[in-house]
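J.: Residue 1 in numbering that gives the first Met the number 0 sits at position 2 of the sequence shown, with consecutive numbering throughout. Virtual Cβ for every residue (Gly too), placed ideally from N, Cα, C.
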Amino acid sequence: MDKRNDGCQNAVIIRPENLPDTLPELAKFVLFTREKLVSVKAEIRALKKLELAPEIVERKRLEAQMVSEALLDAQKLVGTETKKIPKASGGDRRSQDFKNDTAVDFEKTKKTKREVIEELGFSPKQVERMEILADNPDVVEEVKAKARENGDIPTQTQVINMVKYRKQKANEVIRSTRVSDKFLDTLRAVLDLDTSSEMLDLLANNADSTAMGIYLTVLDSVQNKLDAIRCGLLSRKEIKNGEK
0 MDKRNDGCQN AVIIRPENLP DTLPELAKFV LFTREKLVSV KAEIRALKKL ELAPEIVERK
60 RLEAQMVSEA LLDAQKLVGT ETKKIPKASG GDRRSQDFKN DTAVDFEKTK KTKREVIEEL
120 GFSPKQVERM EILADNPDVV EEVKAKAREN GDIPTQTQVI NMVKYRKQKA NEVIRSTRVS
180 DKFLDTLRAV LDLDTSSEML DLLANNADST AMGIYLTVLD SVQNKLDAIR CGLLSRKEIK
240 NGEK
């Protein structure tokens, strides 16, 4: 631990390396720090309502920011450890590598992951959210950095929302790529059609008047669709070039 001197006198900075190193102690720290954060936020609201000096409010805001950062770090560590717990007991399912007071033998205790996390004081949904933090430590750090920059208090919800946003954008890119690939594959299939005289003679010789009419009708429809696609892409290309 060290002290912060940027207006929040004697405020202790809790760094990740100073956090508890066992799962039960981490759980207690998270539960305590949550309540601490609620308390500090309530103090900030009260100070603002009393219209006290801005520097007093600012000191409390910095305290809330530090407490919230410590909470996010602890939640991330809890998520890292709970991810190692087998979801069900039985067989040779042991978790000897997550940080508990002692290594837990789930075959002997017959405890499911749900039972373990509930004993720690969490719900499955809370642990699910903490495991999202554990899977996205870069997002946690980005949210913390942006909060410092903007004078905000970083939250778990901000991290979750940013993770969801990134996944949504990634899915959009994947979908766009698949659509583009399918479109190009279709055009290449058309280009690969044999248009030689021999092939056209073969089609004509094996088609009665009804089949010939179907061929020509479908070709007209294909041509109209290709023209519509071409015009649409050209107009959008002009708009994009105009924007640049």
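(1) Answer yes or no: the CB of Pro85 versus the heavy atoms of the ligand ATP, is any distance below 7 Å?
(2) Would you call the region 148 to 166 in contact with the region 115 to 135, where contact means no fewer than 3 C-beta pairs closer than 8 Å?
(3) Exposed or buried, what is Asn135 when buried is set at 16 or more other beta-carbons lying within 10 Å of its beta-carbon?
(4) Would you check if the distance between the CB atom of Lys75 and the CB atom of Leu132 is smaller than 8 Å?
(5) Quick one: using the 10 Å Cβ neighbour count with 16 as the cut-off for buried, is Ile116 buried or exposed?
(6) Report the rounded CA-to-CA distance for Arg33 versus Leu232, giving the unit in angstroms.
(7) May I ask you to report which of helix, strand or coil DSSP gives Ser208?
(8) For the alpha helix (DSSP H) holding Ala188, just list the boundary residues, first then last.
(9) Do Leu71 and Val139 have their CB atoms nearer than 8 Å?
(10) Where do the N-terminal and C-terminal ends of the alpha helix (DSSP H) with Phe121 fall, by residue?
(11) State the DSSP-derived secondary structure class of Ile152, mapped to helix, strand or coil.
(12) Taking 8 Å as the threshold (C-beta atoms), are Val39 and Val66 in contact?
(13) Note the first and the last residue of the continuous alpha helix (DSSP H) segment covering Leu70.
(14) Under the three-state reduction of DSSP, which class applies to Lys47: helix, strand or coil?
T.: According to the structure data:
(1) No copy of the ligand ATP appears in this structure; indeed no ligand is present at all.
(2) The region 148 to 166 vs the region 115 to 135: in contact.
(3) Buried, since its Cβ has 16 or more Cβ neighbours within 10 Å.
(4) In this structure, Lys75 places its C-beta atom within 8 Å of the C-beta atom of Leu132.
(5) Its Cβ being crowded by 16 or more others within 10 Å, Ile116 is buried.
(6) The straight-line gap from Cα to Cα measures roughly 53 Å.
(7) When DSSP states are grouped into helix, strand and coil, Ser208 belongs to the helix group.
(8) Per DSSP, Ala188 belongs to the alpha helix (DSSP H) from 155 to 190.
(9) Cβ atoms of Leu71 and Val139: closer than 8 Å.
(10) Counting along the chain, no alpha helix (DSSP H) covers Phe121, and no H or E run does either.
(11) DSSP places Ile152 in coil when its eight states are reduced to three.
(12) Against a cut-off of 8 Å, the Cβ pair of Val39 and Val66 comes out as a contact.
(13) Segment 53 to 81, the alpha helix (DSSP H) holding Leu70.
(14) Three-state result, Lys47: helix.
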